[in-house]
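One structure below.
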Amino acid sequence: MMRFLSLSLFFVLATHLPAQEFTGAIPMSMRYGLDPHAVPTLEASPFDATAAAMDDAVRDAANKLPLYARFVVAPADLDHSGVWTELPGGDRIWRLRVVSPGAHAMELFFSDVYLPPGSQVHVYDDAREQVIGGSTAAHVQADGSFTTDMVYGDACTVEYHEPAAVRGEGSLHLEKVAHAYRMVAQVKSGTCEVDVNCSEGANWVNERNAVVRIRVVIPTGAGFCTGTLVNNTASDCKGYILTAFHCTEESVTTNYPSYQFRFQFQRTVCGTGSATGSGLTGCARRAGSQDQGGATGSDYSLIELTSAIPGSYTPYWAGWDAGTAAPVGGVSLHHPDSDVKKISTFSGTASSATWGGPNGTHWRVVWTATANGHGVTEPGSSGSPIFNSAKKLVGTLTGGLSCCTTNACGSGTSLTAPDYYGKMSYHWGASNPNPTLEQLHWWLAPVGTATSQEGSVNPCGPIGIPELTLPSPEVFPNPTRESVTIRLPQQVSGSGSVVISDVTGRVVHTERIGGTTVLDLDARAWRPGTYMIMVVGGATPIAAARIVVVD
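Heads up: the sequence shown runs through residues 1 to 551, numbered per my numbering.
Structure (structure tokens):
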């Protein structure tokens, strides 16, 4: 039986890895040794396990995103719930213990949140062994929503610290709890899977840094998928994440601010050790295939992060190819069963296929055994990319039959059974019947008509330079006040050009190469600052350098 590859088992590590960057401050109640039992308890509305099981069966039959958690109501606010405690110096804290009986883990969802300067929110379990926070105004979405990371067990305490200088200004409304009812334990993905930092991933480090785990939120609960940070022809560092439509199709506008994206969620060593990870919360919908998860199309969804990605996350904006050529060898990078990042390898030629709809919407791929295992895909891998041998994204995972053990994932599943990736070429628009604004070319090719794009460690600004094919030009003097000489790489032909732009992207000079490899330019009209020198061959950057202009 074909299966969609969304989450069926909820996997978490024993070591908690926050999906947000926190202050790391110790909660005030712990700092002052306050009694943790002197806190009122709010019990969430009952979780109906029978109804959830029945709905899970219906969802599975309809190939919907499996959920690891369901929402239960738990209304509370600073004025009518919890307890305030005065601290020395005029500061105060508000605490409330929240219980959802029987939950394996909990996530808290707030609305109408305002955290004034200096205030923080912490959430911790009853044993105070797992402490999340402190969260500040930087963690609150534009719509006033705020959501926490996972707290294990069926009880946790919310603590809000309010400094004396902003007394009475804060607002915090607990709305609901995500009651995790699926298996919450050290359940790993299949034993055949290969960690991305094994030898198989050595040549895919940049692409690895583009792949993220996504906590998807829908009106009734939450599940997991995989997505990819992708570049666009404007090279403007937009946080576009490409995933599968069947992952996001049930989300409504108010759900997207609560999506969570985990970067670098992978072991640092092959097959052993703890995982690392950092994350962001919040996105907005941009486009989707509107095809019932590939039933009538190629099953894609494009969302955009609402926060800038910190450089410490070492993000990579993946390149892509919307051409029709079948990939010959490549990899998929993914989070099976929401596990740490894995790599699956294919060495043959992908064949054109369908996922029950029009012909030619998907690539059919069969995985190959490698040095450290035989990577496949699993629930949670949905939306993950397939990269061709040129390291361009050419498809996104809809589902398939691959499995570590024959028939263990359903009849016909095995190590050598195929998986199906919606084609980037179909996402693009030439054969796509969706409106223009729902086609990927509208978003990923805002400049020009290219159907392929290079990846980049930082496509915008002076901090990063796209991955290039030639050595950097020699630039001297650097810094400069008046003139600059640029000596181009010997490999540059006479058909390209040199484009110089400032940190905002404003082009200050363009010059055809014209057969020469040395350019002498007058920089006196350029304002002091850092400039990017880009050597362009045709429409593709092939070499780059920076120059600093001083007074």
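Ideal Cβ placement from N, Cα and C applies to all residues, glycine included. All values reported here derive from a predicted model rather than from experimental measurement.
Neighbourhood of residue i by C-beta, 7 Å cutoff - its chain only, sequence neighbours within 5 removed
i	result
Val548	Asn478, Pro479 and Thr530
Ala545	Ser472, Pro473, Val475 and Ile533
Gly102	Phe47 and Asp154
Val366	Phe346, Gly348, Thr416 and Pro418
Arg213	Phe224, Thr226, Arg262, Phe265, His335 and Ser338
Ala49	Tyr181
His556	The requested residue 556 does not occur in the structure, where the chain is confined to residues 1 to 551.
Ala523	Thr480, Glu482, Ser483, Val484 and Val549
Residue i - containing beta strand (DSSP E), residue span
i	result
Arg524	Where Arg524 is concerned, there is no enclosing beta strand (DSSP E), given that its DSSP letter is neither H nor E.
Ser332	Val328 to His334
Cys192	No beta strand (DSSP E) contains Cys192, which DSSP labels as neither H nor E.
Trp363	His362 to Val365
Val484	Ser483 to Arg487
Lys176	Ser171 to Ala180
Glu68	Just to set this straight, residue 68 is Tyr in the shown sequence, not Glu. Careful: Tyr68 lies outside any beta strand (DSSP E) and carries neither H nor E.
Thr510	Val507 to Arg512
Cys283	Cys283 to Gly288
Arg262	Gln260 to Val269
Tyr114	Ala105 to Tyr114
Glu474	Glu474 to Phe476
Ala353	Ser351 to Ala353
His80	His80 -> no beta strand (DSSP E), and no H or E assigned at all.
Asp125	Gln120 to Asp125
Residue i, DSSP secondary structure in three states
i	result
Gly90	helix
Ala430	coil
Met150	coil
Gly311	helix
Thr41	strand
Ala371	coil
Gly464	In this prediction, Gly464 scores a pLDDT of 44, lower than 50, which makes its location untrustworthy; no coordinate-derived value is stated.
Ala155	strand
Ser425	helix
Leu401	coil
Asp339	coil
Leu34	coil
Gly201	helix
Thr436	helix
Val602	Outside the displayed span of the chain (1 to 551) sits residue 602, for which this structure offers no information.
His139	helix
Pro385	strand
Val499	strand
Tyr300	coil
Ala164	helix
Tyr316	coil
Pro257	helix
Neighbourhood of residue i by C-beta, 8 Å cutoff - its chain only, sequence neighbours within 5 removed
i	result
Gln439	Ala287, His427, Trp428, Gly429 and Asn432
Trp204	Val196, Val331, Leu333, Ile343, Phe387 and Lys391
Val536	Gly496, Ser497, Val498, Val499 and Ile542
Val113	Val140, Gly144, Ser145, Phe146, Ser171, Leu172 and His173
First through last residue of the alpha helix (DSSP H) which encompasses residue i
i	result
Leu444	Leu440 to Leu444
Asn206	Val205 to Arg208
Thr50	Ala49 to Ala61
Asp31	This sequence places Arg at residue 31; Asp is not what is there. Start and end: Met28 to Arg31.
Cβ-based neighbour list, residue i, same chain, cut-off 6 Å, excluding 5 preceding and 5 following
i	result
Thr551	Here the sequence assigns Asp to residue 551, which means Thr is not the residue at that position. The residues are Pro528.
Ser381	Leu5, Thr226, His334, Pro336 and Leu397
Thr85	Ile93
His441	Trp428 and Gly429
Gly90	Ala164
Leu260	The amino acid occupying residue 260 in the given sequence is Gln; Leu does not appear at that position. Ala19, Arg215, Gly279 and Thr281.
Ile465	In this prediction, Ile465 scores a pLDDT of 46, lower than 50, which makes its location untrustworthy; the coordinate-derived value is nonetheless stated afterwards. If we look at Ile465 and ignore the five residues flanking it on each side, its Cβ neighbours are Ala544.
Pro489	Leu470, Pro471 and Ala543
Asp126	Ala155
Trp526	Val508 and Val549
Gly329	Ser347 and Ser389
Met30	none
Ser384	Thr226, Ser332, His334 and Leu397
Tyr300	Phe245, Ser289, Thr396, Gly422 and His427
Ser552	A question about residue 552 goes unanswered here, because the residues of the chain that appear run from 1 up to 551.
Ser199	Ala371
Query raised in the report: Just checking, does the segment 234–241 make contact with the segment 164–184 on the three C-beta pairs under 8 Å criterion?
Result: no
**Report entry** Start-end ranges of the alpha helix (DSSP H) lying completely within the segment 215–253, minimum 4 residues
**Finding:** 245–248
Requested in this report: Decide yes or no for the touch test of the segment 384–402 against the segment 308–323: beta carbon pairs closer than 8 Å, at least 3 of them.
Outcome: yes
**Report entry** Cβ pair count under 8 Å reaching 3, the segment 71–78 against the segment 97–112
**Finding:** yes
Query raised in the report: Would the segment 301–310 and the segment 367–380 be scored as touching if the rule is three or more Cβ pairs under 8 Å?
Result: no
Query raised in the report: Any contact of the segment 184–203 with the segment 137–148, i.e. 3+ C-beta pairs under 8 Å?
Result: no
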